[in-house]
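Everything on this sheet refers to the single structure shown next.
Numbering (this note's numbering), first residue to last: -6 to 647.
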C-alpha cells in the first residue's frame, strides 16, 4: 500500500503471502490507520512510513518488520500474550499490549456445584507496569475453543467476555482452557467435597402394620443426594440389628415391619449417610428417630340368628380393626339390659349359634365385652338394641280335590318356626260351618270330606296364639267332585216269537251300594223306555215292539243329580230269527199270511186282479198264491206258490 491517510478496519487476514516482504506491505505509506483487524499467520512489513497507527488488532503467528519508519503507534494489539507471560514484550516498538486472562467465581467449588468462568483481554502498560481493563468489543467475532477437566462446561465455543458455566464432577482440581490458534490459556479451580445432612422421621404403628421411616439426604444447600444410609435399629427389649438403605434423588423410606413379637415396644433408629468419595459427598452427622409398636384394636360384632324367645341365638365375631389377622382367642361376656347372661370363649375370632337365656318377649340392650389377648386390646364398646318376639307358627295343609262319598280327609298341621309340631293346641276351622279342633300327635287334625255336597269350598283355618306362640291364619281350597255310579247291563238274547221282552239293569253308587228308587231310561231302535230301580237297585224295562230279527244297541242312561254324575251304559240286545214253517194255500196263520201279503205288495206283486185291489186280510187263497208264484219266478226260485224258507228269506220276512 502506497498512499497517505488510508484506513483498514474490521478485516481478517489468514495465511496470506506477498512478494514485497509480507501480506501487508506499507511502502512509503504515511498516516495510515489499521484497527479491529485479525491477522493470523501473516507477515506485516513497513518501510519509509511515517505517523501510522496500528491499534486494537490481533496478530497470531505473525511477524512485523519496520525499515526507515518513524512516529508509528502500535499500542493495544494482542500478539498472543496471556496471564502467564503478559510481561513479555512482543515487539520493540510496543509499549502497551493486550494479554488473555480468565476469572472464576467462585475460586473454590464443591462437587456438583457450578462456577462462572470468563475469558477476556486485558491491557498491560510496560512503562508503568499497570494492568487495566480493556473493552473486548472490537473482537466480538473471535471464537474461543473451550475445554475442561474434572467437570463439565455448558459450551465448547465462547466469545471474549462470555460466561462459561463449569460444573465440578469430583474432588480435586478442575481446569478450564481457552484456545485460539496456537494460543491457549488455562485457569484452575479447587473442587472440594459436599457437606451433607441426614433427616430421619417415623410414626407410631401397630402390630401387623408398618412404620414408614422417612429418609432425607441433602447437601447443605438442601439439594437431594443419592447414596447409602446405614441404619441401626434398637428396641427396649434389647434387640438390635443394622441395615443399609439405598437413597435415590435424596428421599426414600425404610419399611419397618411390626409383627407379633414387637408388642408394646419403643423402637429407636439411628443412622448416617455414608457419603460418596467418587461424587465428593462426605459422611453426614448421625440422625435419630423413634416410634412405638402397640397392640391391635379389636372390633366386636353381634348378629342375631333367631329373635324368638326360648330360641334366641346369636353369632359373635371379633376381628382386628384394619387388619386381616385372626383374633385367635379370648373371652366374651354377654349382657342383656346390663345383666350378665353368659360368658363364652372364642375360637378363631368367632362364637356361633350361641343360645341366650331370653324367655320373655320385649326390648333388650345386648352388650358384649371382649377380654383382649397378647395381640389385641380389649373392647367394651359394643351394644345393640334388639326385640325378643314370640315363636312364629305356621299352619300346613294341601289344597285338595276329592270325590263325594269317599273316605278322604283334610289333614291340617300346626308347627312352630323350627317345624316342631304343636300338640294340644286349638285350631278353628270354617269348612261348611265353623268348628274347633284340638291337635293331637304331630300337631295334626283330620276332617272327613266324604259327606260334603260336591262343590268348591274355602277352608279357613286359624290359630289364636298364646304367650309363647304367635297367631296364624290361612286358608285352603277343597274341591268336592260328584261321584260316578255304575250300571250293570248285560247282553240279552230274545226269541222272535217272544211277545213281551223284559230287560233288567242294576244301578250302584261309587262304593258299590245299590241305588234304590232311582229313575233310569233305555233307548233302543229309536224308542225310549223308563224304569225305576227297586230295593235291590234293579230296573226292569218291557218292550213288545221289537219283533225283527237282529242285534241292537241299547243305551241305558242315569241322568245324575247333585251328588252323582250322569252315566250312560251301552248294551247289546239280540232278536233271534223265528223257526219258519212253509205257508201254503189255506193256511190258518193269519199273522204270517198278512206279513207275506204286505211284503208282496211292497215288492209290487200283490196289488190287484181283474181291476180289483187285493186286500191284506190274512187269507191265503188263489190270488195270494198267484202273487207268490210271480215273485218266485221273478227271483228264479222254484215256482210252487208256497212260501217256503227260501222264499220267506227272499221276501226278508225272516
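Beta carbons are placed, not taken as given, at the ideal position from N, Cα and C, and that holds for glycine.
Computed from a predicted model, the values in this text were never measured in an experiment.
Closest by CA to residue i, which one among the options?
{"i": "residue 608", "options": "322, 590, 625, 623", "result": "590"}
{"i": "residue 657", "options": "602, 629, 507", "result": "Nothing in the structure corresponds to residue 657, since the chain is present only between -6 and 647."}
{"i": "residue 291", "options": "306, 282, 319", "result": "319"}
{"i": "residue 265", "options": "206, 310, 190", "result": "190"}
{"i": "residue 185", "options": "417, 526, 166", "result": "166"}
{"i": "residue 118", "options": "87, 140, 98", "result": "87"}
{"i": "residue 45", "options": "34, 35, 64, 54", "result": "64"}
{"i": "residue 298", "options": "428, 349, 321, 287", "result": "349"}
{"i": "residue 277", "options": "212, 284, 101", "result": "212"}
{"i": "residue 539", "options": "-2, 551, 570, 510", "result": "570"}
{"i": "residue 306", "options": "286, 447, 315, 347", "result": "347"}
{"i": "residue 369", "options": "472, 289, 92", "result": "289"}
{"i": "residue 414", "options": "434, 557, 85", "result": "434"}
{"i": "residue 444", "options": "470, 396, 241", "result": "396"}
{"i": "residue 456", "options": "122, 623, 226, 420", "result": "420"}
{"i": "residue 221", "options": "632, 268, 498", "result": "268"}
{"i": "residue 27", "options": "503, 33, 1, 35", "result": "1"}
Could you give the first and the last residue of the continuous alpha helix (DSSP H) run that contains residue i?
{"i": "residue 616", "result": "615 to 627"}
{"i": "residue 442", "result": "Note, residue 442: premise wrong, no alpha helix (DSSP H); not H, not E."}
{"i": "residue 587", "result": "583 to 595"}
{"i": "residue 638", "result": "638 to 643"}
What did DSSP end up calling residue i once you bin it into helix, strand or coil?
{"i": "residue 76", "result": "coil"}
{"i": "residue 375", "result": "strand"}
{"i": "residue 435", "result": "helix"}
{"i": "residue 131", "result": "helix"}
{"i": "residue 349", "result": "coil"}
{"i": "residue 463", "result": "coil"}
{"i": "residue 409", "result": "strand"}
{"i": "residue 104", "result": "coil"}
{"i": "residue 321", "result": "coil"}
{"i": "residue 303", "result": "coil"}
{"i": "residue 335", "result": "strand"}
{"i": "residue 414", "result": "strand"}
{"i": "residue 399", "result": "coil"}
{"i": "residue 279", "result": "coil"}
{"i": "residue 507", "result": "strand"}
{"i": "residue 141", "result": "strand"}
{"i": "residue 456", "result": "strand"}
{"i": "residue 562", "result": "strand"}
{"i": "residue 388", "result": "strand"}
{"i": "residue 165", "result": "strand"}
{"i": "residue 572", "result": "coil"}
{"i": "residue 44", "result": "coil"}
{"i": "residue 54", "result": "coil"}
Using a 10 Å radius around the Cβ and a threshold of 16 neighbouring Cβ atoms, would you call residue i buried or exposed?
{"i": "residue 604", "result": "exposed"}
{"i": "residue 627", "result": "exposed"}
{"i": "residue 4", "result": "exposed"}
{"i": "residue 178", "result": "buried"}
{"i": "residue 386", "result": "buried"}
{"i": "residue 353", "result": "exposed"}
{"i": "residue 464", "result": "exposed"}
{"i": "residue 250", "result": "exposed"}
{"i": "residue 417", "result": "exposed"}
{"i": "residue 148", "result": "exposed"}
{"i": "residue 361", "result": "buried"}
{"i": "residue 97", "result": "buried"}
{"i": "residue 554", "result": "exposed"}
{"i": "residue 279", "result": "exposed"}
{"i": "residue 648", "result": "Here the chain has residues from -6 to 647 only, and residue 648 is not among them."}
{"i": "residue 173", "result": "buried"}
{"i": "residue 614", "result": "exposed"}
{"i": "residue 600", "result": "exposed"}
{"i": "residue 513", "result": "buried"}
Between which two residues does the beta strand (DSSP E) containing residue i stretch?
{"i": "residue 297", "result": "291 to 299"}
{"i": "residue 356", "result": "355 to 363"}
{"i": "residue 422", "result": "419 to 423"}
{"i": "residue 92", "result": "89 to 98"}
{"i": "residue 1", "result": "0 to 2"}
{"i": "residue 86", "result": "Premise fails: residue 86 is in no beta strand (DSSP E) and is neither H nor E."}
{"i": "residue 522", "result": "520 to 525"}
Under 8 Å between C-beta atoms, does residue i make it to chain C?
{"i": "residue 151", "result": "Absent from the structure is chain C; it holds one protein chain and no more."}
#### Entry: Sequence ranges, beta strand (DSSP E) only - wholly within the segment 532 to 557, length at least 3
543 to 551
### Message
What ranges does the beta strand (DSSP E) occupy inside the segment 185 to 267, keeping only unbroken runs of at least 3 residues that lie completely in it?
### Response
189 to 194, 203 to 212, 220 to 228, 233 to 240, 244 to 250, 258 to 266
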